[in-house]
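J.:
Numbering (UniProt numbering), first residue to last: 1 to 924.
(1) What three-state label does DSSP hand residue 557 in the structure shown?
(2) From residue 618 to residue 382, what distance separates their C-alpha atoms?
(3) Are the beta-carbon atoms of residue 189 and residue 292 separated by less than 9 Å?
(4) Between which two residues does the beta strand (DSSP E) carrying residue 592 extend?
(5) State the Cα-Cα distance for the pair residue 415 and residue 407, rounded to the nearest angstrom.
(6) Which ranges does the beta strand (DSSP E) cover as unbroken runs of at least 3 residues, wholly within the segment 28 to 93, from first to last along the chain?
(7) DSSP three-state call for residue 933: helix, strand or coil?
(8) For residue 4, does the count of other Cβ atoms within 10 angstroms reach 16, so buried, or fall short, so exposed?
(9) How many angstroms separate the CA atom of residue 66 from the CA atom of residue 33?
(10) Where in the UniProt domain "Glycoside hydrolase family 38 central" (301 to 378) do unbroken runs of the alpha helix (DSSP H), each at least 4 residues long, occur, reported from the N-terminal end onward?
(11) Whole beta strand (DSSP E) runs in the segment 810 to 850 with 3 or more residues, listed along the chain?
(12) Per DSSP, which residues does residue 897 bridge with? Please list them.
(13) From 49, 51 and 18, pick the residue whose C-alpha is nearest to that of residue 40; which is it?
(14) I'd like to know whether the C-beta atoms of residue 438 and residue 491 end up nearer to each other than 9 Å.
(15) Among residues of its own chain, excluding the 5 on either side of residue 141, which ones have a beta-carbon nearer than 6 Å to its beta-carbon?
(16) For the pair the segment 322 to 330 and the segment 341 to 360, tell me if three or more CB-CB distances fall below 8 Å.
(17) With H, G and I counted as helix, E and B as strand and the rest as coil, what does DSSP make of residue 245?
(18) Does DSSP classify residue 773 as helix, strand or coil?
(19) Tell me which residue opens and which closes the alpha helix (DSSP H) that residue 106 is part of.
(20) Within 10 angstroms of its Cβ, does residue 93 collect 16 or more other Cβ (buried), or is it exposed?
(21) Starting from residue 567, follow the beta strand (DSSP E) in both directions and report where the run begins and ends.
(22) Considering only their Cβ atoms, is the gap separating residue 122 from residue 83 smaller than 9 Å?
(23) Residue 887 and residue 875 look like a contact to me (Cβ under 8 Å); what is the Cβ gap, rounded to whole Å?
(24) Specify, as a first and last residue, the run of the alpha helix (DSSP H) that residue 275 falls within.
(25) Using 9 Å as the threshold, is the C-beta distance between residue 294 and residue 631 below it?
(26) In terms of DSSP beta bridges, what is residue 629 paired with?
(27) Contact between the segment 843 to 861 and the segment 798 to 808: three or more CB pairs below 8 Å?
(28) Is the segment 586 to 597 close to the segment 710 to 719, with three or more CB pairs under 8 Å?
(29) Take residue 788 as the anchor and find which of 605, 754, 496 and 867 has the nearest alpha-carbon.
(30) When DSSP labels each residue in this structure, what does residue 727 get in the three-state scheme?
(31) Unbroken alpha helix (DSSP H) runs of length 4 or more, entirely within the segment 444 to 478: which are they?
(32) Taking the alpha carbon of residue 250 as the reference point, which residue from 124, 266 and 486 has its own alpha carbon closest?
(33) Any idea what DSSP makes of residue 526, helix, strand or coil?
(34) Can you tell me which of the three DSSP states residue 237 falls into?
(35) In angstroms, rounded to a whole number, what distance separates the CA positions of residue 96 and residue 247?
(36) Determine contact between the segment 413 to 432 and the segment 597 to 615, defined as no fewer than three beta-carbon pairs at a distance below 8 Å.
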């Protein structure tokens with residue numbers, strides 16, 4: 001159905017579209033009822049009046065809310081428009097997600113959801129073939145790779161650094177081939193187009209009688225920046241689209257000028273048709289290997305502040321993904337596929353998480369009332385999914401009345417069920433990872449004596465640790481009686497249960513057990529005015545605490561808290577008011593040291609708004625930093641962007657590494673992009689990058705290596721030799737004039753926001769094994785064991801029959817979820833990269849047998865298209881001309897097997913960093 005380009009003409013593919021933010025200035029529902037319904041109703045009417053007209057739409061959360069409310073007759077009309085190619089879906093995810101502050105697991109999930117809805121409603125031919133990330137603030141390499149693995153022909157976007165765009169314009173490189181892997185796997189390359197102008201553009205801004213010649217002149221100028229004779233012209237913008245009648249007249253008038261020797265040919269089109277025209281042109285294209293971060297819209301306007309904006313909300317979204325993975329797995333293991341209410345409740349959390357990934361949600365760049373609405377949406381969906389998890393656990397155990405409650409505020413040591421002074425409770429620990437995990441459980445409890453028993457009645461060693469006084473004093477945030485945390489170590493394959501028994505006094509405890517299993521730590525107190533050095537050791541890590549410094553680790557690593565004055569920063573941008581960060585004001589550092597058999601802690605108090613706990617656990621090769629910040633003081637009328645910096649003696653030569661969406665590592669330099677930044681020699685915001693899991697530096701060769709891992713999206717960098725820094729919290733007093741219209745000054749309980757989070761530091765020598773260790777640790781931080789709480793039961797048994805242990809080391813179940821009534825979606829990932837390991841071959845049959853699989857079909861990454869049907873445009877890199885049209889197909893033979901007997905072998909091979917997705921069919 002695509003229009004045919006004219007030879008020897010500049011062919012302008014006019015693409016009418018609308019960009020509908022899923023919340024920003026208004027709420028999700030506010031935008032929908034005030035704008036989206038009318039837009040979609042009007043556009044459908046306009047499409048029916050002229051068969052040449054086209055329209056593209058991206059945000060599936062809005063589309064299906066609208067479509068499902070239509071009458072059957074109107075739904076039929078919409079289906080006809082889709083079948084005729086006049087209404088085209090682009091992107092196809094639940095929302096147009098951010099690319100900086102999101103984790104790849106969540107991105108894949110929300111595309112799986114959106115594309116599944118399209119497939120069920122409109123069939124496979126309606127499946128999008130083009131990514132449409134037109135309003136995100138910079139672009140990630142992993143996101144481009146996700147599009148490639150879903151079988152997309154290409155992607156389009158708008159926002160890249162203004163200086164880089166000038167370079168690409170001059171070199172006719174706005175359209176390029178993005179090589180999304182360091183190993184240059186060509187199957188993960190994808191054609192990427194950058195808009196000539198911003199995506200928001202309307203023809204009706206011009207007077208009709210004077211527009212025609214100006215348009216021809218403009219298009220002719222535009223063509224000089226492109227390699228092909230076909231040009232893409234998106235027309236539309238935020239919550240507005242084109243006047244089709246006006247556009248009809250314009251197209252006719254422009255084309256009529258061809259009689260006067262004009263070489264401009266204009267027609268309605270779509271991004272998919274445009275890509276088809278470019279593919280047929282058989283041109284060669286430049287390549288791109290790095291990502292498009294950071295994004296600057298003009299000098300001194302680096303959009304790197306949003307990497308950290310709204311830190312507590314970012315953590316809540318991280319928690320949402322964590323629980324979604326747990327609930328999906330439990331639903332599969334308990335066979336809830338055919339239980340409508342359970343599936344609906346699970347779907348609500350999937351949809352909510354899709355909304356949270358929107359580029360004005362997780363980024364923290366919405367207005368405060370909208371952020372509050374996002375929190376309400378996610379909290380409500382959490383509650384629904386908890387019911388699904390509860391049903392699953394009741395089915396997997398003999399506890400038909402088990403509560404299986406989740407405590408969502410464990411990060412500030414709140415759990416209602418464990419506050420009870422008189423009752424015992426049961427802790428069910430669920431491991432969402434594939435491998436066995438050793439984990440230290442921390443549960444907020446009142447003061448007392450406790451006995452921990454595993455499912456076999458064995459007594460576990462435990463330790464009671466006081467909560468930091470600064471946390472206890474936040475009465476408005478945690479008005480409960482728990483002032484301690486009970487710590488014990490668990491080793492969990494998939495699911496384990498532990499009885500926690502509390503004894504009101506020592507005599508009662510001794511009647512039950514002659515040995516006190518709950519150890520209280522030795523306590524020391526000191527301040528920075530003392531010269532005494534305190535130090536304690538574990539089997540894996542030595543930690544020294546010198547009161548004159550914040551912390552000194554065994555390789556002379558010093559940690560400090562600093563801030564950048566933010567007079568001109570806003571929700572989006574990070575602007576420095578001076579050339580360096582300021583040290584926070586510290587009168588004296590108060591230290592409490594708690595030394596016990598399982599964990600050793602230093603509680604540090606720096607001032608009224610910064611405190612920290614440093615921990616080392618027995619047999620754990622990392623140091624944990626739990627920071628507490630806020631309210632950030634603003635009495636001096638200066639907003640502040642608070643960082644923590646780790647300084648070491650490591651000579652990294654200005655090179656450091658950040659993760660890309662929690663997946664691959666990307667090399668960065670303290671110089672940033674040397675081609676850019678011509679307007680200033682030193683500009684720290686220009687070398688800030690999104691960190692979703694790991695920030696690393698090392699000496700060249702096999703020297704020392706330092707990695708800092710985090711528990712939520714943050715901005716990070718290496719701004720001086722041997723140092724790493726992460727921005728933890730922001731409180732600002734001015735708007736950055738980028739649309740929000742209010743300062744990022746979060747208020748809670750009448751004062752500035754208080755945030756609490758964790759960082760983890762690993763020190764090693766620089767060789768491949770530590771890189772693997774860091775990757776595994778990063779995954780454990782991303783998906784630690786989830787705790788469910790119930791009232792005590794005398795006996796408990798559970799059955800998780802899935803044979804995950806049959807998978808080799810390094811192979812992880814990235815996704816396990818109900819897909820259809822008798823289908824499960826299974827996504828496997830090989831965690832290591834090409835520098836760390838080699839391809840691995842293993843038998844998938846034992847896992848499939850345990851899942852009672854009868855058939856397995858391999859699909860694209862999103863699970864909605866059979867991999868054997870994947871065929872996408874291959875574009876030629878510079879210097880590689882060809883006289884035939886080429887396509888990417890799968891490198892390996894897709895799995896498509898009937899599983900008729902248990903002894904049947906099903907060997908598959910996976911390459912480093914590869915993800916393979918399967919639909920597993922079963923009888924019940």
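Ideal Cβ placement from N, Cα and C applies to all residues, glycine included. Quantities reported herein were computed from a predicted structural model and do not represent experimental measurements.
T.: Once the coordinates are examined:
(1) Under the three-state reduction of DSSP, residue 557 is assigned to coil, being neither helix nor strand.
(2) Between the alpha carbons of residue 618 and residue 382 lies a gap of roughly 34 Å.
(3) Judged by beta-carbon spacing, residue 292 lies beyond the 9 Å limit of residue 189, meaning their Cβ atoms are not closer than that value.
(4) Counting along the chain, the beta strand (DSSP E) containing residue 592 begins and ends at 590 to 595.
(5) Cα to Cα, the separation comes out at about 5 Å.
(6) Counting only runs of 3+ residues, the beta strand (DSSP E) found wholly inside the segment 28 to 93 occupies 55 to 57 and 87 to 89, in chain order.
(7) There is no way to answer for residue 933, as the model of the chain reaches only from 1 to 924.
(8) Here residue 4 is exposed. Its C-beta has fewer than 16 other C-beta atoms within 10 Å.
(9) Going by the C-alpha atoms only, they are around 10 Å apart.
(10) Complete alpha helix (DSSP H) runs here, min 4: 311 to 333 and 340 to 356.
(11) Segments of the beta strand (DSSP E) lying fully in the segment 810 to 850: 811 to 820, 823 to 830 and 840 to 843.
(12) Answer is 856.
(13) Comparing Cα-Cα distances from residue 40 to each of 49, 51 and 18, the minimum goes to 18.
(14) Contact: yes.
(15) Once the five neighbours on either side are set aside, the close Cβ partners of residue 141 are 180, 291 and 660.
(16) Judged by Cβ distances under 8 Å, the segment 322 to 330 makes contact with the segment 341 to 360, as three or more pairs qualify.
(17) The answer is helix: DSSP assigns residue 245 an H, G or I state.
(18) When DSSP states are grouped into helix, strand and coil, residue 773 belongs to the helix group.
(19) That run of the alpha helix (DSSP H) goes 104 to 122.
(20) With a 10 Å radius around the Cβ and a threshold of 16 neighbouring Cβ atoms, residue 93 comes out buried.
(21) Run containing residue 567: none; DSSP gives neither H nor E here.
(22) In this structure, residue 83 lies near residue 122, with their beta-carbon atoms less than 9 Å apart.
(23) Their Cβ separation, rounded to whole angstroms, is 10 Å, which puts residue 887 and residue 875 out of contact at 8 Å.
(24) Residue range 271 to 281 is occupied by the alpha helix (DSSP H) that includes residue 275.
(25) Cβ atoms of residue 294 and residue 631: not closer than 9 Å.
(26) The partner list for residue 629 (beta bridge, DSSP) reads 610 and 755.
(27) Yes, the segment 843 to 861 is in contact with the segment 798 to 808.
(28) Result no; under three Cβ-Cβ pairs closer than 8 Å.
(29) Looking only at 605, 754, 496 and 867, the smallest Cα-Cα distance to residue 788 is reached by 496.
(30) Strand, per DSSP.
(31) Whole alpha helix (DSSP H) segments, 4+ residues: 469 to 472.
(32) Ranked by how close their Cα comes to the Cα of residue 250, the residues 124, 266 and 486 have 266 in first place.
(33) The predicted model places residue 526 with a pLDDT of 39, which falls under 50 and marks its position as unreliable, so this point remains unresolved.
(34) Note: residue 237 maps to strand in three-state DSSP.
(35) In a straight line, the C-alpha of residue 96 is about 27 Å away from that of residue 247.
(36) Contact check between the segment 413 to 432 and the segment 597 to 615: fewer than three CB pairs, one atom from each, fall below 8 Å, which does not count as touching.
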